[in-house]
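Colleague:
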Ligand SMILES: *[C@@H]1O[C@H](CO)[C@@H](O)[C@H](O)[C@H]1NC(C)=O
């Protein structure tokens, strides 16, 4: 279908006035919060590394906070024997009733798969875990992990493939994070009491330091109203297209290894309401 040029031009102008896309610099956008020299910024701010040794892990936090947006980061996870390590990458507000949107990468023995753990907290309450294996080795190359957060839904993406969609279920009494601005956090730490095969496999400190790398930080947010006529491939477009829905089903069928929504043992008094309505899944 041909789109009249004037219309195209018009929509480009609308988009550019509403969307702010920002390709980041680690010096300008983040503060190292712990781990001293275990966290390093290189290449004029384009690359960051976190490491973990027997004494300490390390972490960083964004200087700015965000209320809705699309946030992309490329990560290259701890290679080799990463058992017992956890690389957490998440958005969070502060305080006892904080909201949080989580990616956590649970390391493993060389050649065994990482687990990608996801969760959404609203008003201090989580308990909405889904876990996945990946369809590639996340330690060989950088891959893009994204969170698309609007007032209507949260989409977790890996290399632009949606792995999870958490919809706003306020209409059925499920609180949704939409009032508290969040900062971006990441940390690399030792969780060998639970991370790998439930804590059975411990970190091998002869292989320390363990190191994860970050680059390609990018944020798209809105100035003014995000809900006006912007259509097309922008982060705030409401629904996944048919291709993305197929990809989501492919991931959920082949790579999902835990879903709170099917864990009847855990919710003997009944599954959470969003799990019973397919349009919220
Ligand atoms: C580690 O590998 C084992 C064996 O393949 C697997 O059962 C487990 O889910 C993997 N991931 C973690 C984090 O334990």
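In mature numbering (1 follows the signal peptide of the UniProt record, and there is no 0), the protein residues as written are -23 to -1, 1 to 258.
Note that the Cβ used here is the ideal one computed from N, Cα and C, for glycine as well.
None of the values given here were measured: they were computed from a predicted structure.
1) State yes or no: is the C-beta of residue 90 nearer than 8 Å to some heavy atom of ligand 1?
2) Let's see if you can read the secondary structure: which residues bound the alpha helix (DSSP H) around residue 228?
3) Residue 255 to residue 44, Cα distance in whole Å?
4) With a cut-off of 8 Å on the beta carbons, I'd call residue 260 and residue 10 a contact; round off their distance for me.
5) DSSP on residue 190, reduced to helix/strand/coil?
6) May I ask you to report which of helix, strand or coil DSSP gives residue 79?
7) Return yes when at least one heavy atom of ligand 1 lies under 8 Å from the C-beta of residue 55, else no.
8) Use the C-beta contact count for residue 37: other C-beta atoms within 10 angstroms, 16 or more gives buried, fewer gives exposed.
9) Nearest to residue 82 by alpha carbon, out of 250, 164 and 224?
10) Taking the CB atoms as reference points, tell me whether residue 196 and residue 47 lie closer together than 9 Å.
11) Counting along the chain, where does the alpha helix (DSSP H) carrying residue 108 start and finish?
12) Nearest by alpha-carbon distance to residue 108: which of 30, 239 and 191 is it?
13) Can you say whether residue 101 is buried or exposed, counting buried as having 16 or more other CB atoms within 10 angstroms of its CB?
14) Pull the bridge partners of residue 141 from the DSSP assignment, please.
15) Looking only at C-alpha atoms, which of 21, 15 and 40 sits nearest to residue 28?
16) Which of the three DSSP states, helix, strand or coil, is assigned to residue 253?
17) In the DSSP output, which residue or residues are listed as bridge partners for residue 65?
Modeller: If we stick to the structure as given:
1) For residue 90, the distance from the CB to the nearest heavy atom of ligand 1 is below 8 Å.
2) In the DSSP assignment, residue 228 falls within the unbroken alpha helix (DSSP H) covering 219 to 231.
3) Spanning the two alpha carbons is a distance of roughly 27 Å.
4) A query on residue 260 cannot be resolved here, the shown segment of the chain reaching from -23 to 258 and no further.
5) In this structure, residue 190 counts as strand in the three-state DSSP scheme.
6) Looking at residue 79 - three-state DSSP - the assignment turns out to be strand.
7) For ligand 1, not one heavy atom lies less than 8 Å from the Cβ of residue 55.
8) By the 10 Å Cβ count, residue 37 comes out buried.
9) Ranked by how close their Cα comes to the Cα of residue 82, the residues 250, 164 and 224 have 164 in first place.
10) Between residue 196 and residue 47, the C-beta spacing is below 9 Å.
11) Unbroken run through residue 108 is the beta strand (DSSP E), 107 to 109; no alpha helix (DSSP H).
12) The candidate whose alpha carbon is nearest that of residue 108 is 239.
13) Counting Cβ neighbours within 10 Å, residue 101 comes out exposed, since fewer than 16 surround it.
14) In DSSP, residue 141 forms a bridge with 133.
15) Nearest option by C-alpha distance: 15.
16) Helix.
17) DSSP output for residue 65 lists 81 and 164 as bridge partner(s).
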